[in-house]
Amino acid sequence: MQIRHSTNPKDAKHYDTNRLRDEYLIDSLMRADEICLVYSQIDRVITGGAMPVNSELTLAAGDALRASSFLQRRELGIINVGGSGQVKVGDKEYSLSKLECLYLGRGEPDPTFSSDDSAQPALFYMVSTPAHKEYPSVKSTQADANAIHLGSLETSNKRTIFQYIHEKGVPSCQLVMGLTILDTGSVWNTFPAHTHDRRMEVYFYFNLGEQDRVMHLMGEPDETRHIVVKNHQAVLSPSWSIHSGAGTRNYGFIWAMAGENQAFDDMDAIDLNNFR
1 MQIRHSTNPK DAKHYDTNRL RDEYLIDSLM RADEICLVYS QIDRVITGGA MPVNSELTLA
61 AGDALRASSF LQRRELGIIN VGGSGQVKVG DKEYSLSKLE CLYLGRGEPD PTFSSDDSAQ
121 PALFYMVSTP AHKEYPSVKS TQADANAIHL GSLETSNKRT IFQYIHEKGV PSCQLVMGLT
181 ILDTGSVWNT FPAHTHDRRM EVYFYFNLGE QDRVMHLMGE PDETRHIVVK NHQAVLSPSW
241 SIHSGAGTRN YGFIWAMAGE NQAFDDMDAI DLNNFR
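Start counting the sequence shown at 1; every next residue gets the next number (UniProt numbering).
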């Protein structure tokens, strides 16, 4: 498990491209027959990916958590962005097709991951946060999610937000998680952008071709920077940073938040005149 430390916005404005990428970009999450994990000290979020091809993979605590099991003090959200697969948790087994979500509550046994077809392996993207109590483990499909339609083709940001783990959906301690799909012809996400000082966020991009890229915008509104992002890469966003992007084509991204509250609309919109 890789460890990332928190950063100060006064320091971040002096970072060059390589330093920005080292601090905030998670560039390799899906590797065959591996579980890749990044522990960020920004709200203690763990971002990970599991790609079972030829063998079953188990998510264990490892040395970093000093716990008897991964979910001893944590909760976990999982969204599959690949072929169909299985998540086993003790004597329970959950089948996840593409873009289906699974929430695992505190105290559950270490989950294992497998694919139905090694030629089209499942790609399990996951985000974990500390948890103070147990909530039931629940599977959620796109049909179960709360769908919100936003934007327009005229502004190149027509998109649908699918809320899975949130205040009025799958309950959790602090994790909020869902995904956004941009319509064909739209390339902008979350712009005009915002910040939410009480929560951090992680963006994971998917549905991008080999030659496609997203210019992910971050930083304080008057000190913006960008990170060039490929398919299946993620960006950590501290609470002081905007999080937005424009791609070479339409795409999808999974968003996950952790922090002080779970209010989806607790955000501070930024006036376009204040962007620099």
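By construction, the Cβ of each residue, glycine as well, lies at the ideal position given by its N, Cα and C atoms. Note that the structure is predicted; figures quoted are calculated from it, not measured.
- In the three-state reduction of the DSSP assignment, T129 falls in the strand class.
- Under DSSP, I42 forms no beta bridge with any residue.
- A straight-line Cα-Cα distance of about 31 Å links C173 and N157.
- Between the region 84-91 and the region 160-171, the count of C-beta pairs closer than 8 Å stays below three; the two stretches do not touch.
- Taking I3 as the centre and dropping the five residues before and after it, the same chain places the C-beta of Y39 closer than 6 Å to its C-beta, in chain order.
- Distance from the CA atom of E108 to the CA atom of Q72, rounded to whole angstroms, is 7 Å.
- Within a 10 Å sphere around the beta-carbon of S140 sit 16 or more other beta-carbons, which makes this residue buried.
- Nearest in C-alpha terms to D11, of all of P111, S115, W240, A234, is W240.
- Across the structure, S152 and L208 are spaced so that their CA atoms are roughly 21 Å apart.
- Residue pairing by DSSP places W255 opposite G178, Y203 in a beta bridge.
- Using a 10 angstroms sphere on the CB of H132, the tally of other CB atoms stays under 16, which defines it as exposed.
- For Y24, the enclosing alpha helix (DSSP H) has its first and last residue at 17-24.
- For T47, the closest C-alpha among the options G259, F204, R249 is that of F204.
- By a beta-carbon distance limit of 8 Å, I227 does not contact H243. Their separation comes to about 11 Å.
- By the neighbour-count criterion, in which 16 or more other beta carbons inside 10 Å mark a residue as buried, N274 falls on the exposed side.
- Per the coordinates, the alpha-carbon of N189 lies some 34 Å from the alpha-carbon of L65.
- DSSP, read as helix, strand or coil, puts G62 in helix.
- DSSP, reduced to helix, strand and coil, places L123 outside both helices and strands of the structure shown, so it counts as coil.
- Per DSSP, K10 is one residue of the alpha helix (DSSP H) stretching across 9-12.
- In this structure, P130 is the residue among L20, P130, G49 with its C-alpha nearest to the C-alpha of S69.
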